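Participant: Going by the numbering used here, 1003 is the number at position 76 of the sequence shown; the sequence numbering is gapless.
For each residue, glycine too, the CB sits at the ideal point set by N, CA and C.
These numbers come from a predicted model, not from an experiment.
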Amino acid sequence: MIRNSLSLGMCVAKWFTAASVLALMVPQAYADGPSIIRIEEDWEMVIGEPSPSSDAPQVTCAISPLPNLDWLSATFVVNSHEVPNFTAGGLQLQAWRGEQLLDSRHAPNQAVLATPGEVVRWTQVMEKAPDGVKFQIINGTSTTWGNFGGDDALKLNIPTSLPNLNGYNPEVSVKNSGVSYAGNRVRSLVLKKVRAYTAEGLLAENDNPKTAHEAND
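1) Would you call the CB atoms of T1014 and E1045 closer than 8 Å?
2) With DSSP run on the structure shown, which of helix, strand or coil describes L1081?
3) If I measure Cβ to Cβ from E1141 and keep anything under 6 Å in the same chain, skipping five residues before and after, which residues do I get?
4) So what's P979 in DSSP terms, helix, strand or just coil?
5) Could you tell me the distance, in whole angstroms, from the CA atom of G1128 to the CA atom of S978?
6) Does the Cβ of A1123 have 16 or more other Cβ atoms within 10 Å, making it buried, or fewer, making it exposed?
7) Which residues does DSSP pair with D997 in a beta bridge?
8) Quick check on DSSP: helix, strand or coil for G1016?
9) For Y1124, which beta-bridge partners are listed by DSSP?
10) Would you say I966 faces chain C, with C-beta separation under 8 Å as the test?
11) Can you tell which of V1005, R965 and E1026 has the C-alpha that lies nearest to the C-alpha of N995?
12) My understanding is that G1094 touches T987, with C-beta atoms under 8 Å, so please give their C-beta distance in whole angstroms.
13) Tell me the DSSP secondary structure of P1035 in three-state form.
14) CA-CA distance, T1125 and L1118?
15) Consult DSSP for E1141 and reduce its assignment to one of helix, strand or coil.
16) With V1101 and I966 assumed to form a contact (beta carbons below 8 Å), what rounded beta-carbon distance in angstroms separates them?
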């Protein structure tokens, strides 16, 4: 079900099809339609049987203001640090320009997943800032790391001339998210809900779950 605060047919259609109708990643092209300045993605991961001794599982979730990850994106890494060197456990937020790492930050709690059946929830935020795009993790809840996000520990500000976030497509997030190691130890990874905002407030909300990973029984 999709709800919005404006015209459902026009605004939601522009939001979800903006990426598909553009063949090139040209920032000026995203000026058409309502100017989206903030995206929120609610994610949920259900763990099966973790293996602390092998640092398993490890999960990666991506988000981008454009129809692919070639120009600008952020990656949230769960249960490991990938840069500058691999470290087991914890949470890390990374910003990328294609294959080039722009910046990264990690949460202070470096614990490793160890609780069978644990449910981890968080919200990935992408917001247009005056001098670029802000990526942030907020509203995180878990057994392993407790409450996380909402502070500077998992927040990155990346300079860019991109005028808005109209090129965002949730399918890009789902396609580029998943279990990077030990997929059999994660029951599910689901994008539960997406919200888009303009300067006037909430533009649209989509609460149709999109599955990035589901374990085979």
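Facilitator: Quick answer:
1) Numbered from its first residue, the sequence shown carries residue 1014 at position 87. Numbered from its first residue, the sequence shown carries residue 1045 at position 118. Contact flag unset, no.
2) The count along the sequence shown starts at 1 and reaches residue 1081 at position 154. Residue state, collapsed to three classes: helix.
3) Residue mapping note: residue 1141 aligns to position 214 of the sequence shown, counting from 1. Contacts found: S1115.
4) Taking the first residue of the sequence shown as 1, we reach residue 979 at position 52. Helix.
5) Translated into positions along the sequence shown, residue 1128 becomes position 201. Translated into positions along the sequence shown, residue 978 becomes position 51. One C-alpha to the other measures close to 43 Å.
6) Within the sequence shown, the letter at position 196 stands for residue 1123. Buried, by the Cβ-count rule.
7) Counted from its first residue, the sequence shown places residue 997 at position 70. In DSSP, D997 forms no bridge with anything.
8) Position 89 of the sequence shown, counting from 1, holds the residue named residue 1016. It is a strand residue.
9) As a first step, residue 1124 must be located in the sequence shown, where it is residue number 197. Bridge partners of Y1124: R965 and L1129.
10) Absent from the structure: chain C. Only one protein chain is present.
11) For the purposes of this step, residue 995 is taken as the residue at position 68 of the sequence shown. Closest option to N995, Cα to Cα, is E1026.
12) Residue mapping note: residue 1094 aligns to position 167 of the sequence shown, counting from 1. Residue mapping note: residue 987 aligns to position 60 of the sequence shown, counting from 1. Actually they are not in contact, since the Cβ atoms of G1094 and T987 sit about 21 Å apart, beyond 8 Å.
13) For this step, residue 1035 is matched to residue 108 along the sequence shown. Looking at P1035 - three-state DSSP - the assignment turns out to be coil, as it is neither helix nor strand.
14) Residue mapping note: residue 1125 aligns to position 198 of the sequence shown, counting from 1. Residue mapping note: residue 1118 aligns to position 191 of the sequence shown, counting from 1. Rounded to whole angstroms, T1125 to L1118 spans 21 Å at the Cα level.
15) One-based indexing of the sequence shown puts residue 1141 at position 214. Strand, per DSSP.
16) As a first step, residue 1101 must be located in the sequence shown, where it is residue number 174. As a first step, residue 966 must be located in the sequence shown, where it is residue number 39. The pair is not a contact, with the Cβ atoms about 14 Å apart (cut-off 8 Å).
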